[in-house]
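Engineer: Heads up: the sequence shown at position 59 corresponds to 98 in our numbering, and the numbers run straight through without jumps.
Note that CB positions come from ideal geometry on N, CA and C, so glycine has one too.
Remember, it's a predicted structure, so these values are computed and weren't measured experimentally.
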Amino acid sequence: MRNKIDDAVDIKDVRSFLRNHPDFFDNNSDILETMVIHHKTDGAISIVERHLQKLQEKNKLLNEKLNHLIENADQNQKIFESVMTLTLKMLSAHDLKSFLDILSVSFKNDFKLEFYSLILFDEDISVDHPIVVSTSQIELEEKIPRLVSLKEPIGGQFSSEDFHALFNHSDQINNSVAICKIGSEIPLGFLAIGSSDHTVYHESDSRYFLSHLSNLISQSLVKFNKNVF
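#1: In chain order, what residues of the same chain lie with their CB nearer than 7 Å to the CB of N264, ignoring the 5 residues before and after it?
#2: Touching or not, the segment 228-240 and the segment 201-209, by the rule of three or more beta carbon pairs under 8 Å?
#3: Would you give the residue range spanned by the beta strand (DSSP E) that S143 belongs to?
#4: Count the other CB atoms within 10 Å of the CB of S137; is the residue buried (16 or more) or exposed (fewer)?
#5: How should V171 be labelled, buried or exposed, when 16 other C-beta atoms within 10 angstroms of its C-beta is the threshold for buried?
#6: Based on Cα-Cα distance, which residue from S68, L249, D134, N66 lies nearest to N115?
#7: Go ahead and label F354 buried or exposed: buried means 16 or more other beta carbons lie within 10 angstroms of its beta carbon, across all protein chains shown.
#8: Is it buried or exposed for T126, if we count other Cβ within 10 angstroms and need 16 for buried?
#9: Just to confirm the assignment, what range does the beta strand (DSSP E) spanning F64 have?
#10: Could you check which residue in V216, S199, P184, F202 has the C-alpha nearest to that of I193?
#11: Near E153, what residues of its chain come up, given a Cβ to Cβ distance below 7 Å and the 5 sequence neighbours on each side ignored?
#12: At what residues does the alpha helix (DSSP H) containing S199 begin and finish?
#13: Only counting the same chain, and skipping five residues up and downstream in sequence, which positions put a Cβ closer than 8 Å to that of I141?
#14: Would K220 be called buried (16 or more neighbouring beta carbons within 10 Å of its own) or exposed?
#15: Measure the Cβ-Cβ separation of I158 and G228 and say whether it is below 7 Å.
#16: Just curious, the alpha helix (DSSP H) that K190 is in, first and last residue?
#17: Does the Cβ of Y247 have 16 or more other Cβ atoms within 10 Å, making it buried, or fewer, making it exposed?
#18: Reducing DSSP to helix, strand and coil, say where K97 ends up.
#19: Alpha carbon to alpha carbon, how far is L57 from E88?
#20: Taking DSSP as the reference, what is the three-state secondary structure of Y240?
#21: Starting from K220, trace the beta strand (DSSP E) in both directions and tell me its first and last residue.
#22: Nearest-angstrom Cα distance between V267 and F146?
#23: Of the residues N148, D167, V166, S175, which one's Cα is nearest the Cα of F160?
#24: Hey, how far is the Cα of D62 from the Cα of S68?
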């Protein structure tokens, strides 16, 4: 008899608490997911509707994540195919200029890049080509200090001044940039790709893609370096 009284008091307290705190489940949505409620057919029950809403939101989030994974897989496949095509085209280059021509056309037509450049240190390689931004290592690192200790590719938003230094392009306030060092032991410069959309390149994006490209470019620059001087 004592237990029944306690149960009644407990239920009464719970009912009173929920009435006084109608937003309780908004801040404790995990409880809804574990509750079993029988929905009567003769009327709507707000707690059931909230439960369904939470489940629908959860399902929507899962669908968005799945679609994002599928989009990334498709994008990675396209990047892989473009890299393989570029690698084969590089074999036909007979000098530095033809190599840079192939690279520029591929970046524009195959990879669909908005901004791209090879920032080459003029003390090592001196060449006149639209894709090349010539500078000294000291000068570039003074303008963009974060490049001094760069070992792995990085991505994110750069200042408009840095953007101009990397692409020799009019200042782009809204931007995102991915950049990778060219040359492992002796740095020859940097490979930079950019977009006017600040959401395109992030810290972890395109890291493998950029590293692979920079290795290919480094090998070709060393191969054709003797034809420059």
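Structural biologist: On the basis of the data shown:
#1: Looking up residue 264 in the sequence shown gives position 225. Excluding sequence neighbours, N264 sits near I164.
#2: A contact exists between the segment 228-240 and the segment 201-209.
#3: The residue labelled residue 143 in the question sits at position 104 within the sequence shown. Segment 135-148 is the alpha helix (DSSP H) holding S143; no beta strand (DSSP E) there.
#4: For the purposes of this step, residue 137 is taken as residue 98 along the sequence shown, with counting starting at 1. Label assigned to S137: exposed.
#5: As a working note, residue 171 is residue 132 in the sequence shown. Under this definition V171 is a buried residue.
#6: Here residue 115 refers to the residue found at position 76 of the sequence shown. Of the listed residues, the one whose Cα sits closest to N115 is L249.
#7: Nothing in the structure corresponds to residue 354, since the chain is present only between 40 and 268.
#8: Counting from one through the sequence shown, the residue named residue 126 turns up at place 87. Exposed is the label assigned to T126, since fewer than 16 other Cβ atoms lie within 10 Å of its Cβ.
#9: By one-based count along the sequence shown, residue 64 stands at place 25. No beta strand (DSSP E) contains F64, which DSSP labels as neither H nor E.
#10: Position 154 of the sequence shown holds residue 193. Ranked by Cα distance from I193, the options V216, S199, P184, F202 are led by V216.
#11: Residue numbering aside, residue 153 sits at position 114 when the sequence shown is read from its first letter. G233, S234, S235.
#12: Working through the sequence shown from its first residue, we reach residue 199 at position 160. Taken as a continuous stretch (DSSP letters only), the alpha helix (DSSP H) holding S199 covers 199-206.
#13: Counted from its first residue, the sequence shown places residue 141 at position 102. Within its own chain, the residues whose Cβ lies closer than 8 Å to the Cβ of I141, once the five positions on either side in sequence are excluded, are L125, K128, M129, S131, A132, listed in chain order.
#14: One-based indexing of the sequence shown puts residue 220 at position 181. In summary, K220 is buried, with 16 or more beta-carbon neighbours lying within 10 Å of its beta-carbon over all protein chains present.
#15: Residue 158 sits at position 119 when you count from the first residue of the sequence shown. Residue 228 sits at position 189 when you count from the first residue of the sequence shown. I158 places its beta carbon less than 7 Å from that of G228.
#16: In the sequence shown, the residue the question calls residue 190 occupies position 151. Going by DSSP, K190 is part of no alpha helix (DSSP H) at all; its letter is neither H nor E.
#17: On the sequence shown, residue 247 is found 208 positions in, with the first residue counted as 1. It counts as exposed.
#18: Within the sequence shown, numbered from 1, the residue matching residue 97 stands at position 58. The answer is helix: DSSP assigns K97 an H, G or I state.
#19: Residue numbering aside, residue 57 sits at position 18 when the sequence shown is read from its first letter. Residue numbering aside, residue 88 sits at position 49 when the sequence shown is read from its first letter. A direct Cα-to-Cα measurement between L57 and E88 gives close to 16 Å.
#20: Within the sequence shown, numbered from 1, the residue matching residue 240 stands at position 201. Coil, per DSSP.
#21: Taking the sequence shown and counting its residues from 1, the one referred to as residue 220 is at position 181. Looking at the DSSP string, the run of the beta strand (DSSP E) that includes K220 is 215-221.
#22: Here residue 267 corresponds to residue number 228 of the sequence shown, with the count starting at 1. Here residue 146 corresponds to residue number 107 of the sequence shown, with the count starting at 1. Bear in mind that the predicted position of V267 carries a pLDDT of just 40, short of 50, making it too unreliable to give a figure here.
#23: The residue labelled residue 160 in the question sits at position 121 within the sequence shown. A check of alpha carbon separations from F160 across N148, D167, V166, S175 identifies S175 as the nearest.
#24: In the sequence shown, residue 62 corresponds to position 23, counting from 1. In the sequence shown, residue 68 corresponds to position 29, counting from 1. If I take the Cα positions, the gap works out to 10 Å.
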